[in-house]
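Colleague: In the working numbering, the protein residues as written are 17 to 233.
Glycine included, every Cβ here is placed at the ideal spot set by N, Cα and C.
Written out as structure tokens, the structure is:
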């Protein structure tokens with residue numbers, strides 16, 4: 017038994033010694049004697065193509081104001097205004113020819129009125145009638161009379177004052193009394209001129225002296 021144990025101990029010591037000698041021999045070997053370490057081969061990775069660079073936007077030096085949507089105004093439909101009758105001049109419904117005439121009263125005395133009428137077209141193209149009223153007399157005296165002369169044309173009356181007259185003579189004279197310019201009536205219209213004298217002449221009472229006639233052209 018003791019031999020076997022000694023034999024095993026000696027064998028174990030021998031193994032240990034051999035192992036130590038092997039370690040010493042390996043440590044003393046040069047690094048060049050060692051086989052090169054295997055270099056891992058890198059895997060081939062496909063590189064995607066580089067994206068094209070985005071072009072830079074040009075810098076604007078001027079700042080534009082924001083664009084506002086157009087504004088549309090809505091208006092109510094225009095209403096036709098009726099002309100003011102006071103401002104609108106009456107337009108003749110016909111044209112006139114230049115014509116004239118004379119109307120004379122007949123009082124049976126030396127005092128009468130004469131109405132000279134004339135149709136014409138004024139500068140604006142309106143048909144007009146002019147009537148000049150005069151007094152024909154011999155020796156005659158009268159004061160001015162307010163609104164004493166009346167011209168009636170187609171039912172419309174126009175009034176005027178008569179002036180004072182002082183004439184002491186034996187010859188017949190014509191004294192202008194009033195003048196009217198009105199819209200011309202149609203041909204064949206009756207007109208009348210009246211002087212509200214309200215006095216006497218040659219011993220005869222004359223309240224109103226009238227001259228009537230037709231305007232014909």
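To which residues of the same chain is residue 188 closer than 8 Å at the C-beta, ignoring the five residues directly before and after it?
Modeller: One-based indexing of the chain shown puts residue 188 at position 172. Excluding sequence neighbours, residue 188 sits near 126, 152, 153 and 154.
Colleague: Thinking C-beta only, is residue 222 closer than 8 Å to residue 229?
Modeller: What you label residue 229 is simply residue 213 of the chain shown in a count that begins at 1. What you label residue 222 is simply residue 206 of the chain shown in a count that begins at 1. Contact flag unset, no.
Colleague: I'd like the span of the beta strand (DSSP E) that includes residue 173, first residue to last.
Modeller: As a working note, residue 173 is residue 157 in the chain shown. Its beta strand (DSSP E) spans residues 172–178.
Colleague: Assuming residue 123 and residue 132 are in contact, meaning their beta carbons sit under 8 Å apart, how far apart are those beta carbons, in whole angstroms?
Modeller: On the chain shown, position 107 is the one that residue 123 refers to. On the chain shown, position 116 is the one that residue 132 refers to. Not confirmed; about 18 Å, so no contact.
Colleague: Helix, strand or coil for residue 38? Go by DSSP, reduced to three states.
Modeller: If you number the chain shown from 1, residue 38 lands on position 22. Helix.
Colleague: Quick test of your reading: residue 121 and residue 129, contact by CB under 8 Å. State the CB separation rounded to the nearest angstrom.
Modeller: Within the chain shown, residue 121 is the residue found at index 105, counting from 1. Within the chain shown, residue 129 is the residue found at index 113, counting from 1. Right, their Cβ atoms sit about 5 Å apart.
Colleague: Got a sec, what are the start and stop residues for the beta strand (DSSP E) residue 226 sits in?
Modeller: Locating residue 226 in the chain shown gives position 210, where the first residue counts as 1. Taken as a continuous stretch (DSSP letters only), the beta strand (DSSP E) holding residue 226 covers 225–231.
Colleague: Could you tell me the alpha carbon to alpha carbon distance between residue 225 and residue 208, rounded to whole angstroms?
Modeller: Numbered from its first residue, the chain shown carries residue 225 at position 209. Numbered from its first residue, the chain shown carries residue 208 at position 192. Take the alpha-carbon of residue 225 and the one of residue 208: they are about 10 Å apart.
Colleague: Who are the Cβ neighbours of residue 178 in its own chain at under 7 Å, not counting the five residues just before and after it?
Modeller: To locate residue 178, count along the chain shown from 1; it is residue 162. The residues are 160, 161, 164, 165, 193, 194 and 211.
Colleague: Nearest by alpha-carbon distance to residue 232: which of 157, 201 and 141 is it?
Modeller: Counted from its first residue, the chain shown places residue 232 at position 216. Residue 232 has its Cα closest to that of 201, out of 157, 201 and 141.
Colleague: What distance in whole Å lies between the Cβ atoms of residue 169 and residue 145, which are believed to be in contact at a cut-off of 8 Å?
Modeller: If you number the chain shown from 1, residue 145 lands on position 129. If you number the chain shown from 1, residue 169 lands on position 153. Right, the Cβ-Cβ distance comes to about 7 Å (below 8 Å), so this counts as a contact.
Colleague: Taking the beta carbon of residue 33 as the centre, do at least 16 other beta carbons fall within 10 Å, making it buried, or is it exposed?
Modeller: Here residue 33 corresponds to residue number 17 of the chain shown, with the count starting at 1. With fewer than 16 other Cβ atoms within 10 Å, it is exposed.
Colleague: Three-state secondary structure (DSSP) at residue 183?
Modeller: Position 167 of the chain shown holds residue 183. Three-state DSSP puts residue 183 in a strand.
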